[in-house]
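Structure first, commentary second.
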Amino acid sequence: MSTSEILFWFLSVLALFSAVMVLVSKNPVHSVLWLIVVFFSISGHYLLLNAQFLAIVNIIVYAGAIMVLFLFVIMLMNLNRESEPQKNVWMKLFGVISGGLLLTIFVSAFRSSADIFDKTAQLNDGDVGLIKNLGKVLFDQYAFPFEISSVLFLSAMVGAVVIGKKE
Amino acid sequence: MPIQYYIALASCLFCIGVVGVLTRRNAIIIFMCIELMLNAVNLLLVAFSKMSFGAHPGASEIAAGTDAQLFVFFIMVVAAAEVSVGLAIIVMMYRNIHSVDINFLNRLKN
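Each protein sequence line maps, in turn, to chains A and B.
So the mapping is simple: our numbering equals the position in the first sequence, first residue as 1, plus 32.
So the mapping is simple: our numbering equals the position in the second sequence, first residue as 1, plus 115.
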């Protein structure tokens, strides 16, 4: 078993365990911290796939910006374990059952697919994910969507201020 | 690494997110589970972008992989915008009804 495979299994187990811990934590702050662990392990997967640009952007945008925003909002609301609302046990049971059924459908769909048979994801190699290649295509072919996304950000910013301000 | 492992991992993460949306009542946790689902899809897209199609990689394959990774980049951009607006809505809701329990959000019914 090579180092890449060991890293793959370690990061996968870490991601799945932390994702489950996001759900079962009673304290919302703990959920946020576990979700940050999930994002770091997914960034580790990106590094393993040699998608360096996306790994860094994932850490900066998700673990850095979005999660800090969540943390601020949770601390602003003073949520804690006592005020945490709980669904009744039947709703939880049916939620888990329907999620498991969805997973079963996914697994059965991709097990019988011929398109992915004997295909492998290239680890530790390939220059697809380097900033140089991505930047060339982003500012050449995708320049217009890039500018449109800046308009989207502006509208989201205005929307957040308008919604959040006291009337 | 076989692509099946990545599909299985991303499916598991996505389903954990779905279970979270179905079982929790805290609006912020539900929002975080949606972020988890977006990340599972991103991971799958990156894995597919690195899927080698044959023994002889060509230039068109690199172009296809670049498109997939830029798609992931735009998903992250849209997710950041979505989070800012969504958290503003949750803060406004907390200010009005002093709770983030989604069961209290049935006022559109009446």
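C-beta atoms are modelled at their ideal positions from N, C-alpha and C, and glycine is treated no differently.
Residue nearest to residue i in terms of C-alpha spacing, selected from the options
{"i": "Leu162 (chain A)", "options": "A:Ile88, A:Val52, A:Ala83 and A:Val193", "result": "A:Ala83"}
{"i": "Ile98 (chain A)", "options": "A:Lys197, A:Glu179 and A:Phe71", "result": "A:Phe71"}
{"i": "Leu202 (chain B)", "options": "B:Ile149, B:Leu158 and B:Phe189", "result": "B:Ile149"}
{"i": "Leu103 (chain A)", "options": "A:Ile129, A:Gly131, A:Leu65 and A:Ser75", "result": "A:Leu65"}
{"i": "Gln173 (chain A)", "options": "B:Ala195, B:Tyr209 and B:Asp182", "result": "B:Asp182"}
{"i": "Tyr209 (chain B)", "options": "A:Trp122, A:Leu67 and A:Lys197", "result": "A:Lys197"}
{"i": "Leu170 (chain A)", "options": "B:His213, B:Gln184, B:Ile217 and B:Asn211", "result": "B:Gln184"}
{"i": "Leu55 (chain A)", "options": "A:Trp41, A:Phe42 and A:Val128", "result": "A:Val128"}
{"i": "Val61 (chain A)", "options": "A:Met33, A:Phe138 and A:Val100", "result": "A:Val100"}
{"i": "Val160 (chain A)", "options": "B:Met116, B:Met166 and B:Asp216", "result": "B:Met166"}
{"i": "Ala188 (chain A)", "options": "B:Phe219, B:Glu197, B:Asn221 and B:Leu220", "result": "B:Glu197"}
{"i": "Ser73 (chain A)", "options": "A:Ser63, A:Val52, A:Ile92 and A:Leu48", "result": "A:Leu48"}
{"i": "Lys139 (chain A)", "options": "B:Ala125, B:Ala155 and B:Met116", "result": "The question names Lys, but residue 139 (chain A) in the sequence shown is Val. Per the Cα distances, B:Ala125."}
{"i": "Val193 (chain A)", "options": "B:Asn211, B:Asn221, B:Met207 and B:Ile212", "result": "B:Met207"}
{"i": "Val105 (chain A)", "options": "B:Leu220, B:Met147 and B:Asn221", "result": "B:Met147"}
{"i": "Gly76 (chain A)", "options": "A:Leu186, A:Phe176, A:Ala146 and A:Ile38", "result": "A:Ile38"}
{"i": "Asn59 (chain A)", "options": "A:Lys164, A:Phe40 and A:Met107", "result": "A:Met107"}
{"i": "Ser63 (chain A)", "options": "A:Phe42, A:Leu111 and A:Trp41", "result": "A:Leu111"}
{"i": "Ser61 (chain B)", "options": "A:Leu186, A:Ala175 and A:Ile148", "result": "In the structure as shown, chain B begins at 116 and stops at 225. Residue 61 (chain B) is therefore absent and cannot be evaluated."}
Per DSSP, cross-strand counterpart(s) of residue i
{"i": "Met166 (chain B)", "result": "A:Ala153"}
{"i": "Asn141 (chain B)", "result": "B:Asp216"}
{"i": "Pro117 (chain B)", "result": "A:Thr152"}
Supposed close pair residue i, residue j - CB separation, criterion 8 Å
{"i": "Ala162 (chain B)", "j": "Ala153 (chain A)", "result": "5 Å"}
{"i": "Leu80 (chain A)", "j": "Ser44 (chain A)", "result": "Going by Cβ atoms, the distance from Leu80 (chain A) to Ser44 (chain A) rounds to 10 Å, so no, they are not a contact pair."}
{"i": "Ile145 (chain B)", "j": "Gly135 (chain B)", "result": "7 Å"}
{"i": "Gly132 (chain B)", "j": "Met152 (chain B)", "result": "4 Å"}
{"i": "Tyr78 (chain A)", "j": "Leu86 (chain A)", "result": "5 Å"}
{"i": "Asn218 (chain B)", "j": "Arg140 (chain B)", "result": "6 Å"}
{"i": "Val242 (chain A)", "j": "Ala155 (chain B)", "result": "With chain A running from 33 to 199 in the structure shown, residue 242 (chain A) is simply not present."}
{"i": "Val89 (chain A)", "j": "Phe188 (chain B)", "result": "7 Å"}
Contact check, residue i vs residue j, beta carbons under 8 Å
{"i": "Leu160 (chain B)", "j": "Phe186 (chain B)", "result": "yes"}
{"i": "Cys127 (chain B)", "j": "Leu135 (chain A)", "result": "yes"}
{"i": "Ile122 (chain B)", "j": "Phe178 (chain A)", "result": "no"}
{"i": "Ile205 (chain B)", "j": "Asn157 (chain B)", "result": "no"}
{"i": "Leu137 (chain B)", "j": "Gly131 (chain A)", "result": "yes"}
{"i": "Val200 (chain B)", "j": "Ile180 (chain A)", "result": "no"}
{"i": "Asn193 (chain B)", "j": "Leu184 (chain A)", "result": "For clarity, residue 193 (chain B) is Val in the given sequence; the question names Asn instead. Closer than 8 Å, so yes."}
{"i": "Val215 (chain B)", "j": "Met123 (chain A)", "result": "no"}
{"i": "Val69 (chain A)", "j": "Ser57 (chain A)", "result": "no"}
{"i": "Lys151 (chain A)", "j": "Ile118 (chain B)", "result": "yes"}
{"i": "Leu155 (chain A)", "j": "Met116 (chain B)", "result": "yes"}
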